[in-house]
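These notes are about the structure you will find just below.
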Amino acid sequence: MAEKKKTDENLMTGSEILVKALVEVGVDKIFGYPGGKVIGLYDVLFRTPEIQHILVRHEQGATHAADGYARATGKPGVVVVTSGPGATNTVTGIATAFMDSIPMIVFTGQVASGMIGNDAFQEADIIGITRPITKHSYLVKDAAHLSQIVHEAFHISVTGRPGPVLIDLPSDILAQKTSYKPCVEMKIRGYNPTYKGHSQQISKAADMLNSAKRPLIYAGGGVNIGLAADELSEIAIRGHIPVTTTLLGLGAFPEDNPLSVGMVGMHGTWYANMAMMQCDVLMCVGARFDDRVTGRLNHFSPASRKIHIDIDPSCISKNVSVDIPIVGHVKEILPDMLKKIKPADSETWLNTIAQWKSEHPLTYKQTDDVIRPQYVVERVAALTDHQAIVVTDVGQNQMWAAQFYGFKRPRQILSSGGLGTMGYGLPAALGAAFGCPDDTVVCFTGDGGFQMNIQELTTAVQHRIPLKIVLLNNGYLGMVRQWQELFFGRRYASTVLAEGNPDFMKLAEGYGAAGIRVSRPDEVDDAIRKGLKIDDRPVVMEFLISREENVFPMVPAGASLDEMLEAGH
Amino acid sequence: MRHILSVIFENKFNAIPRIAGLFSGRAYNMNSMSFGLGEDPETTRATITSEGDDQIIEQIAKQLNKLVDVIKVVELTYEPFVERELALVKVQSSPSTRAEIMQVADIFRAKIIDVSHKTITIEVTGKEDKVNAIIEMLQQFGIREIARTGIVALKREFQKESS
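Going down the list, the protein sequences come from chains A and B.
Each step along the first sequence adds one to the number in the working numbering, with nothing skipped, and position 539 is 539.
Each step along the second sequence adds one to the number in the working numbering, with nothing skipped, and position 2 is 571.
Quick look at the structure:
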């Protein structure tokens, strides 16, 4: 009898095994929302001091917060939600992370194994629903497998091209008592991402760059995710190669370096887009020739021979066929390449670019009576010394932040690039603040996107997170309005928010956040200074901006990169 | 152009939906897909036929390879390979047509595997065009039901032998 009792004591529930495994892989923060099928798991989390659970106010907020945490720290974000609606609410956040290759682990509750398929209360086939937007997923069938699965899931999520992994947890598995079986060996036969680049391909690429007259590096999110910004800079500087970045690549190369040509693409700089079109050797590093970057594909960078470095073979020659593909990790490939890089004879080219920069700078019309959003971004940048972690929502606010902040370091801008998820900004900023408590976190948002996940203001207030929310309020869904103005005869169908907008100051106050409203350009600096000083709660700095301000330059949909509309259009 | 992909993957929960879902989610064409246990009992081999230009097929192969469960993808199109499909065809028959149906089956080296007063069920194995041909020939008698396996294929090792 005594022996039997002892064995029972060694048994653990599925929930306990899961949490033990989470501690093993180094999880210290979880963003989540409880519900019927995960009460037992929450009970274990409640008793686990190693892990802080942050209660969001909507499951979508949990996924974006985990995403922001992952982008800011480089560690995978972890989400726990319940079954059914809890699980389906994570879909947008998972898709956002998937498109931008962000490591994330999502644990969803599930009805008991025997009930699956019976349309049980709060049942949803979340594995099926998320199949195309996850890197991998697991339905746990035995609590004894949990440790192995957790270790595997984290491994898959962070290695290779990172991405979200979902683990579905039937309630009987969480309650099942079994002995802890540690993960001893990770052997996933079909999963061996390539890290080391092919040495001959690397040599060929270096030769091509060395002999170029008009070389250009086009760097994407992969350089930020792969922590290879320094390696990239060394190549650019040694090889005299100018660098343009994608939205997700911002910060991978400091914008104050003379070799920087800023952001490329639909709302990229004039000179970056022209450089893209006129370069003779283009090296794409950790980017994927996305349609927002290339413009009209059959007229993309016509004069260049192309090199493409990517960890995901399926990105190579998907949209644009390249001359030298190199599959592997940027952090491995770039140092190998650096050894072979010599200064290119690119002086004329660099002079041309410098001239373009002075002739076609990013610009906007400054006025005394009404606040220009670009001015707000510039002033926030100056007053945070270009060092804040900048989180954007999606739309005009995102593009203005991208164009005018002036990023200096990797992982400094967090933005939903691939999926373009409105409502991303606030919860992602929250996650970033939890991940990097010593940094100033600024969230640029609009009156549309801010309201899509505004409930997370509560979470920030509860945890006394001093988020700096810069609300660029133009009373419109600005980016759609811009398209309507330019291409739909100024018919502003369902894009006028002004008449229905809440009083954002009262709203901030109601949540317990600070609120500062600014309507005149000469008040902007004082307001930002005041906002930056608040250290015990979030602040909503609402700027009433010029309502019909447009984002320029702009490559219209379907146009070539050199067919830009410029400011003053 | 028709392409044949041979895909070996681990027999894991959800692997087949992942493979199938890739084709619908990315709007890839799929003509047939057959599954069965592979030489290693922990794996399954899928044989998939698809239409598309080389670039699309290369993308399909890469996307399949990206799935965690998938161990190996081989495109057989540009290699010598052997392929077979099996079909069961249930044909209407009467005493007056039975002999003729059996003759057709005989010419195609098909087997009669079931017979009733009103039907004959024929098993035929061969390349896709042979299966199509016998079905075409049997149309005149009235086909009740058809069950086809889809194509299975393997790389040919001895390259001078005719198929």
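Glycine is no exception: its CB is placed at the ideal position from the N, C-alpha and C atoms.
Since this is a predicted model, take the numbers as computed values, not measurements.
Is the CB-CB distance between residue i and residue j below 8 Å?
i: Glu255 (chain A); j: Lys357 (chain A); result: no
i: Gln403 (chain A); j: Ile389 (chain A); result: no
i: Ile94 (chain A); j: Thr134 (chain A); result: yes
i: Phe604 (chain B); j: Thr612 (chain B); result: no
i: Leu232 (chain A); j: Ser415 (chain A); result: no
i: Val576 (chain B); j: Val639 (chain B); result: yes
i: Thr578 (chain A); j: Ile39 (chain A); result: The shown model of chain A, from 1 to 569, leaves out residue 578 (chain A), and the question about it has no answer.
i: Val539 (chain A); j: Lys468 (chain A); result: yes
i: Glu620 (chain B); j: Met570 (chain B); result: yes
i: Ile371 (chain A); j: Ser546 (chain A); result: yes
i: Leu169 (chain A); j: Glu234 (chain A); result: no
i: Gly417 (chain A); j: Asp393 (chain A); result: no
i: Gly295 (chain A); j: Ile311 (chain A); result: no
i: Met673 (chain B); j: Leu723 (chain B); result: The amino acid occupying residue 673 (chain B) in the given sequence is Val; Met does not appear at that position. No. Outside cutoff.
i: Met241 (chain A); j: Ile217 (chain A); result: Sequence inspection shows Ile at residue 241 (chain A); the Met mentioned does not correspond to that position. For Ile241 (chain A) and Ile217 (chain A), yes; Cβs fall inside 8 Å.
i: Ser542 (chain A); j: Asn453 (chain A); result: The sequence shown places Glu at residue 542 (chain A), rather than the Ser named in the question. No, the Cβ-Cβ distance between Glu542 (chain A) and Asn453 (chain A) is not below 8 Å.
i: Glu669 (chain B); j: Ile682 (chain B); result: no
i: Gly84 (chain A); j: Tyr33 (chain A); result: no
i: Leu477 (chain A); j: Leu497 (chain A); result: yes
What did DSSP end up calling residue i once you bin it into helix, strand or coil?
i: Gln387 (chain A); result: coil
i: Asn473 (chain A); result: strand
i: Ser15 (chain A); result: helix
i: Thr616 (chain B); result: strand
i: Pro164 (chain A); result: strand
i: Glu608 (chain B); result: coil
i: Phe650 (chain B); result: strand
i: Ile311 (chain A); result: coil
i: Met1 (chain A); result: The pLDDT assigned to Met1 (chain A) is 45, lower than 50, so where the model puts this residue is not dependable; a value taken from the coordinates is nonetheless given after this. Met1 (chain A): coil per DSSP, three-state reduction.
i: Ile585 (chain B); result: helix
i: Leu565 (chain A); result: strand
i: Pro373 (chain A); result: helix
i: Ile573 (chain B); result: strand
i: Arg713 (chain B); result: strand
i: Asp683 (chain B); result: strand
i: Ser732 (chain B); result: At Ser732 (chain B), the pLDDT of 47 sits below 50, so the modelled position is not reliable and the matter cannot be decided from this model.
i: Phe677 (chain B); result: coil
i: Ser593 (chain B); result: helix
i: Gln661 (chain B); result: strand
i: Gly500 (chain A); result: helix
i: Leu169 (chain A); result: strand
i: Met186 (chain A); result: coil
i: Leu655 (chain B); result: strand
Taking residue i as the reference, give the member of the options with the closest Cα.
i: Ala143 (chain A); options: A:Glu123, A:Asn453, A:Val165, A:Thr178; result: A:Thr178
i: Phe300 (chain A); options: A:Val327, A:Thr48, A:Gly446, A:Ala272; result: A:Ala272
i: Gly262 (chain A); options: A:Arg288, A:Val281, A:Val293; result: A:Val293
i: Gly395 (chain A); options: A:Gln176, A:Gly423, A:Leu565; result: A:Gly423
i: Gly77 (chain A); options: A:Phe434, A:Phe253, A:Ala508, A:Leu457; result: A:Phe434
i: Gly14 (chain A); options: A:Ile311, A:His58, A:Glu499, A:Ala112; result: A:Ala112
i: Val480 (chain A); options: A:Gly74, A:Gly417, A:Asp503, A:Glu548; result: A:Glu548
i: Val27 (chain A); options: A:Arg57, A:Pro34, A:Val80, A:Asp43; result: A:Val80
i: Val184 (chain A); options: A:Ser171, A:Ala432, A:Ser147; result: A:Ser147
i: Lys196 (chain A); options: A:Leu457, A:Gln462, A:Leu22, A:Pro313; result: A:Pro313
i: Glu697 (chain B); options: B:Asn600, B:Ala584, B:Met671, B:Ala589; result: B:Asn600
i: Ala219 (chain A); options: A:Pro193, A:Ser260, A:Pro182; result: A:Ser260
i: Ile629 (chain B); options: B:Arg587, B:Ile676, B:Val700, B:Phe677; result: B:Arg587
i: Pro302 (chain A); options: A:Asp536, A:Ser560, A:Pro410, A:Ile326; result: A:Ser560
i: Arg71 (chain A); options: A:Leu430, A:Asp43, A:Gly449, A:Thr445; result: A:Leu430
Using 8 Å as the limit for Cβ to Cβ distance, is residue i near chain E?
i: Asn580 (chain B); result: Among the protein chains of the structure shown, namely A and B, there is no chain E.
Is residue i close to the ligand ZN? I mean its beta-carbon at under 7 Å from any heavy atom of the ligand.
i: Tyr180 (chain A); result: As presented, the structure is devoid of all ligands, the ligand ZN included, so that no description of it is given.
TODO: With 7 Å as the C-beta to C-beta threshold (strictly closer), list the residues of the stretch 586 to 614 of chain B near chain A in chain order.
DONE: Residues are counted here when their Cβ sits less than 7 Å from a Cβ of chain A; for the stretch 586 to 614 of chain B these are Pro586, Arg587, Gly590, Gly594, given in chain order.
- [ ] Pick out the complete alpha helix (DSSP H) segments inside the stretch 509 to 561 of chain A, 4 residues or longer, and give them in chain order.
- [x] Entirely contained in the stretch 509 to 561 of chain A, the alpha helix (DSSP H) runs reaching 4 residues are, in chain order, 524 to 533.
TODO: Report the residue ranges of all beta strand (DSSP E) runs contained in full by the stretch 21 to 58 of chain A; include only those spanning at least 3 residues, in chain order.
DONE: Runs of the beta strand (DSSP E) inside the stretch 21 to 58 of chain A: 29 to 32, 52 to 55.
Task: Uninterrupted alpha helix (DSSP H) stretches inside the stretch 409 to 450 of chain A (no shorter than 4 residues) - done: Correct list: 425 to 435.
- [ ] Check distances from the C-beta atoms of the stretch 184 to 203 of chain A to those of chain B and list, in chain order, the residues that come in under 9 Å.
- [x] Within the stretch 184 to 203 of chain A, the qualifying residues are Ile188, Arg189, Gly190, Tyr191.
Task: Every unbroken beta strand (DSSP E) within the stretch 63 to 151 of chain A, with a cutoff of 3 residues, ordered by chain - done: 77 to 81, 104 to 110, 136 to 139, all fully within the stretch 63 to 151 of chain A.
Task: Contact residues within the stretch 114 to 137 of chain A, judged by C-beta distance below 8 Å to chain B - done: Per Cβ criterion, the list reads Ile127, Gly128, Arg131, Pro132, Lys135, His136, Ser137.
- [ ] Name, going along the chain, the residues of the stretch 309 to 326 of chain A whose beta-carbon falls closer than 9 Å to a beta-carbon of chain B.
- [x] Under the 9 Å Cβ criterion, the stretch 309 to 326 of chain A contributes Asp312, Pro313, Ser314, Cys315, Ile316, Ser317, Lys318, Ser321.
Open item on the list: Along the stretch 139 to 154 of chain A, where does the CB come closer than 7 Å to a CB of chain B? Name the residues.
Closed with: Look at the stretch 139 to 154 of chain A: the residues with a C-beta under 7 Å from a C-beta of chain B are Leu139.
Task: Under 8 Å (Cβ pairs) to chain A, residues found in the stretch 699 to 715 of chain B - done: Listed by position, the residues of the stretch 699 to 715 of chain B near chain A (Cβ gap below 8 Å) amount to none.
Task: Start-end ranges of the alpha helix (DSSP H) lying completely within the stretch 303 to 367 of chain A, minimum 4 residues - done: Those alpha helix (DSSP H) runs which fall completely within the stretch 303 to 367 of chain A and span 4+ residues are 330 to 338, 347 to 359.
Task: Members of the stretch 632 to 644 of chain B near chain A, C-beta cut-off 9 Å - done: So the close ones are Gln632, Asn634, Lys635, Leu636, Val637, Asp638, Val639, Ile640, Lys641.
Open item on the list: Runs of 4 residues minimum, wholly inside the stretch 192 to 276 of chain A: which ones carry the alpha helix (DSSP H) assignment?
Closed with: Here the runs fully enclosed are 199 to 210, 221 to 225, 229 to 239.
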